[in-house]
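Visitor: Got a structure for you, questions after.
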Amino acid sequence: MSNNKDFIYGRGAQLNVSNRFDAHNHEFRNDFLNHCANEGDEVQNSKTVLIDTFPKTIVNKVNSPDVGMGFSLNPYQGCEHGCIYCYARNSHEYWGYSAGLDFEQKILVKRNAVELLEKKISSKKWEAMPIVLSGNTDCYQPVEKKLKITRQLLQTFLKYKHPVGIITKNALVQRDIDILKDLAVDNLVNVSLSVTSLEEETRRILEPRTASIKKRLETIEKLSVAGIPVSVMMAPIIPSINSHEIMPLVKAVAERGALGVGYTIVRLNGAIGGIFTDWIKKAMPDRADKVLHQIESVHGGSLNDSRFGTRMKGEGEFASQVAQQFKIAKAKYLKRRERPVLNCDLHEQFKDGQMKLF
1 MSNNKDFIYG RGAQLNVSNR FDAHNHEFRN DFLNHCANEG DEVQNSKTVL
51 IDTFPKTIVN KVNSPDVGMG FSLNPYQGCE HGCIYCYARN SHEYWGYSAG
101 LDFEQKILVK RNAVELLEKK ISSKKWEAMP IVLSGNTDCY QPVEKKLKIT
151 RQLLQTFLKY KHPVGIITKN ALVQRDIDIL KDLAVDNLVN VSLSVTSLEE
201 ETRRILEPRT ASIKKRLETI EKLSVAGIPV SVMMAPIIPS INSHEIMPLV
251 KAVAERGALG VGYTIVRLNG AIGGIFTDWI KKAMPDRADK VLHQIESVHG
301 GSLNDSRFGT RMKGEGEFAS QVAQQFKIAK AKYLKRRERP VLNCDLHEQF
351 KDGQMKLF
């Protein structure tokens, strides 16, 4: 990694890009930057700010055929984990913020999330379908340790015997093993843990405020031992950064009890293209051009591909090599393992939160 003195450690994005919906753009003038340098002041506040929100709905229908979920629920918007490649960054623009540093520093908290979920799944019109926590931003990001909104949501799913999926890269999910075990008894939960690399230095620079690799591998093992179905997403694979780790990573997570492994290849949609390009030229100047060109080779000469069916896996020689490696790794380390289908049959009996006798 570069020793660039201007690099903002502990954050992913290194700047706040303009919001495409704003009529005006903001930039820092050189005289202001010089003043901050002379006075020893920060150019911009790096602290995390929590913003309370009270949405009208909380369960979102997912129309994309690429993501493998029908409904999602996100108790938080924005994510302090700061993963530089995160596709969810663009969604922060709809709230009036930047997809850059704002995404990591301004966290919107949906204070009425539990109330809205209970109203949704107790409705007579609702038919049970798996709802995935963290379809957009991580439900176990750092603020969850204090607020416990995700824990309350899981308690609600348990009360109504409703199937739920979880996607996270935070070991904080271990805190809720007690509830997850109860859900797993009736096949009502599965957990997908994101593990992008086995190399801690790579993790620190790509995902600065996430759980360490050691803690994530420990989490897979603890969930598995507790009887909670857990799989792994190697997402995303970035050429010349973590693309060499497919075989050892699949082996490591299989040894700890993972039932399956999936992957995506990085795509830098919307504002993320500029954010990632700025970041890699500061963080990895020695290989920046190589990585960017390799990403373009997977997406037909562009950093992004929005086409359903190809955008997640890419095309071309590199994409083909990745697919072959995963096929071999699964055959070698995950043979005869599969994640169980979630149970949607119990919920109707518990529509009011209590089991019906007749």
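Count the sequence shown with the UniProt record's numbering and you get residues 1 to 358, in order.
No residue lacks a Cβ here, since even glycine has one placed at the ideal position from N, Cα and C.
What residues in its chain sit with their C-beta under 6 Å from that of S192, if we drop five residues either side in the sequence?
Guide: Numbered from its first residue, the sequence shown carries residue 192 at position 192. Around S192, the same chain offers I167, S231 and M233 as residues with beta carbons nearer than 6 Å, after the five sequence neighbours per side are excluded.
Visitor: When the Cα atoms are used, what is the spatial distance from residue 360 to T196?
Guide: Because the chain spans 1 through 358 in this model, residue 360 falls outside it and cannot be assessed.
Visitor: Which residues mark the beginning and the end of the alpha helix (DSSP H) in which L154 is found?
Guide: Reading the sequence shown from its first residue, position 154 is the one you call residue 154. Note, L154: alpha helix (DSSP H), I149 to K159.
Visitor: Of the choices P142, K161, M312 and R287, whose alpha-carbon is the least far from that of N269?
Guide: By 1-based counting over the sequence shown, the position of residue 269 is 269. N269 has its Cα closest to that of M312, out of P142, K161, M312 and R287.
Visitor: Can you find the residues in the same chain that come closer than 6 Å, C-beta to C-beta, to G100, ignoring five residues on each side of it along the sequence?
Guide: For the purposes of this step, residue 100 is identified with residue 100 of the sequence shown, where counting begins at 1. The answer, listed in chain order, is A13, L15, N16, V17 and I275.
Visitor: Tell me, to the nearest whole angstrom, how far the beta carbon of N19 is from that of S98; I am working on the premise that it is less than 8 Å.
Guide: Residue numbering aside, residue 19 sits at position 19 when the sequence shown is read from its first letter. Residue numbering aside, residue 98 sits at position 98 when the sequence shown is read from its first letter. Right, their Cβ atoms sit about 6 Å apart.
Visitor: Shorter than 7 Å from the beta carbon of R204 to some beta carbon of chain D?
Guide: The question asks about chain D, but that chain is absent: this structure has only one protein chain.
Visitor: Counting pairs of Cβ atoms below 8 Å between the segment 80-90 and the segment 101-114, do you hit three or more?
Guide: yes
Visitor: What is the DSSP secondary structure of S306, counted as helix, strand or coil?
Guide: Within the sequence shown, residue 306 is the residue found at index 306, counting from 1. Three-state DSSP puts S306 in coil, outside helix and strand.
Visitor: Just the Cα atoms here: how many angstroms apart are K56 and L116?
Guide: As a position in the sequence shown, residue 56 is number 56, starting the count at 1. As a position in the sequence shown, residue 116 is number 116, starting the count at 1. Roughly 8 Å between the two C-alpha positions.
Visitor: Could you give the first and the last residue of the continuous alpha helix (DSSP H) run that contains P248?
Guide: By one-based count along the sequence shown, residue 248 stands at place 248. Per DSSP, P248 belongs to the alpha helix (DSSP H) from I246 to E255.
Visitor: In three-state terms, what does DSSP make of A13?
Guide: As a position in the sequence shown, residue 13 is number 13, starting the count at 1. Three-state result, A13: coil.
Visitor: Taking the alpha carbon of R256 as the point to measure from, which residue in C344, N74, I131 and P229 has its own alpha carbon closest?
Guide: What you label residue 256 is simply residue 256 of the sequence shown in a count that begins at 1. Selected option, being the one with the closest Cα: P229.
Visitor: Can you give me the Cβ contacts of G273 inside the same chain, cut-off strictly under 7 Å, excluding the 5 residues immediately before and after it?
Guide: Taking the first residue of the sequence shown as position 1, residue 273 is located at position 273. Non-local C-beta neighbours of G273 in its own chain, meaning closer than 7 Å and more than five positions away in sequence, comprise L303 and N304, ordered along the chain.
Visitor: Please look up how many angstroms separate the CB atoms of residue 359 and Q141, rounded, as I've assumed it's under 8 Å.
Guide: Since the first residue shown for the chain is 1 and the last is 358, residue 359 is missing from the structure and cannot be characterised.
Visitor: By how many angstroms is the C-alpha of T137 removed from the C-alpha of R89?
Guide: If you number the sequence shown from 1, residue 89 lands on position 89. If you number the sequence shown from 1, residue 137 lands on position 137. When rounded, the distance between both Cα atoms is 9 Å.
Visitor: Mind checking who T53 pairs with in its DSSP beta bridge?
Guide: Position 53 of the sequence shown holds residue 53. T53 pairs with K110.
Visitor: Measure the beta-carbon distance from T210 to K169 and round it to whole angstroms, keeping in mind my assumption that it falls under 8 Å.
Guide: Counting from one through the sequence shown, the residue named residue 210 turns up at place 210. Counting from one through the sequence shown, the residue named residue 169 turns up at place 169. Their Cβ separation, rounded to whole angstroms, is 5 Å, which keeps T210 and K169 in contact under 8 Å.
Visitor: Just the C-alpha distance for N63 and F71, rounded to the nearest angstrom, thanks.
Guide: Taking the sequence shown and counting its residues from 1, one reaches residue 63 at position 63. Taking the sequence shown and counting its residues from 1, one reaches residue 71 at position 71. Spanning the two alpha carbons is a distance of roughly 9 Å.
Visitor: Taking 7 Å as the cut-off, decide whether the C-beta atoms of F54 and N112 are in contact.
Guide: Reading the sequence shown from its first residue, position 54 is the one you call residue 54. Reading the sequence shown from its first residue, position 112 is the one you call residue 112. Yes, Cβ-Cβ distance for F54 and N112 is below 7 Å.
Visitor: In chain order, what residues of the same chain lie with their CB nearer than 8 Å to the CB of S240, ignoring the 5 residues before and after it?
Guide: By 1-based counting over the sequence shown, the position of residue 240 is 240. Cβ neighbours of S240 within its own chain (closer than 8 Å, five residues either side excluded): R287, K290, V291 and Q294.
Visitor: Along the chain, which unbroken stretches of the alpha helix (DSSP H) at least 4 residues long are found entirely within the segment 152-205?
Guide: For the segment 152-205, whole alpha helix (DSSP H) runs of length 4 or above, ordered along the chain, are 177-185.
Visitor: E245: which of V114, S320, E199 and K110 sits nearest, CA to CA?
Guide: Here residue 245 is taken as the residue at index 245 of the sequence shown, counted from 1. Nearest of V114, S320, E199 and K110 to E245, Cα basis: E199.
Visitor: What are the residues that DSSP puts in a beta bridge with L73?
Guide: Start at 1 with the first residue of the sequence shown, and residue 73 comes out as number 73. In the DSSP output, where bridge partners are listed per residue, L73 has V59 and L133.
Visitor: Taking the CB atoms as reference points, tell me whether P285 and N187 lie closer together than 7 Å.
Guide: Against the sequence shown, residue 285 aligns to sequence position 285. Against the sequence shown, residue 187 aligns to sequence position 187. Against a cut-off of 7 Å, the Cβ pair of N187 and P285 comes out as no contact.
Visitor: Leaving aside the five residues before and after K61 along the sequence, list all residues of the same chain whose C-beta is less than 8 Å from its C-beta, in chain order.
Guide: Along the sequence shown, read from residue 1 onward, the residue named residue 61 stands at position 61. Cβ neighbours of K61 beyond the five flanking positions: G70 and F71.
Visitor: Under a Cβ-count criterion, where at least 16 other Cβ atoms within 10 Å of its own Cβ denotes burial, should V185 be classed as buried or exposed?
Guide: Sequence index remark: in the sequence shown, residue 185 carries index 185 (1-based). V185 comes out exposed.
Visitor: Is the beta carbon of I131 sitting closer than 7 Å to the one on V164?
Guide: For the purposes of this step, residue 131 is identified with residue 131 of the sequence shown, where counting begins at 1. For the purposes of this step, residue 164 is identified with residue 164 of the sequence shown, where counting begins at 1. Their beta carbons are under 7 Å apart, which means I131 touches V164 by this criterion.
Visitor: What are the boundary residues of the beta strand (DSSP E) that includes A235?
Guide: By 1-based counting over the sequence shown, the position of residue 235 is 235. Unbroken beta strand (DSSP E) run through A235: V230 to I237.
Visitor: So the beta strand (DSSP E) G262 belongs to, where does it begin and stop?
Guide: Along the sequence shown, one-based indexing puts residue 262 at 262. Start and end: V261 to I265.
Visitor: Beta carbon of I177, beta carbon of A128: below 7 Å?
Guide: In the sequence shown, residue 177 corresponds to position 177, counting from 1. In the sequence shown, residue 128 corresponds to position 128, counting from 1. No, these two residues do not count as a Cβ contact at 7 Å.
Visitor: Rounded to a whole number of angstroms, what is the C-alpha to C-alpha distance between E144 and Q174?
Guide: Locating residue 144 in the sequence shown gives position 144, counting from the first residue. Locating residue 174 in the sequence shown gives position 174, counting from the first residue. Spanning the two alpha carbons is a distance of roughly 12 Å.
Visitor: When the Cα atoms are used, what is the spatial distance from K125 to E348?
Guide: Walking along the sequence shown from the start, residue 125 turns up at place 125. Walking along the sequence shown from the start, residue 348 turns up at place 348. Between K125 and E348, the alpha-carbon positions lie close to 11 Å from each other.
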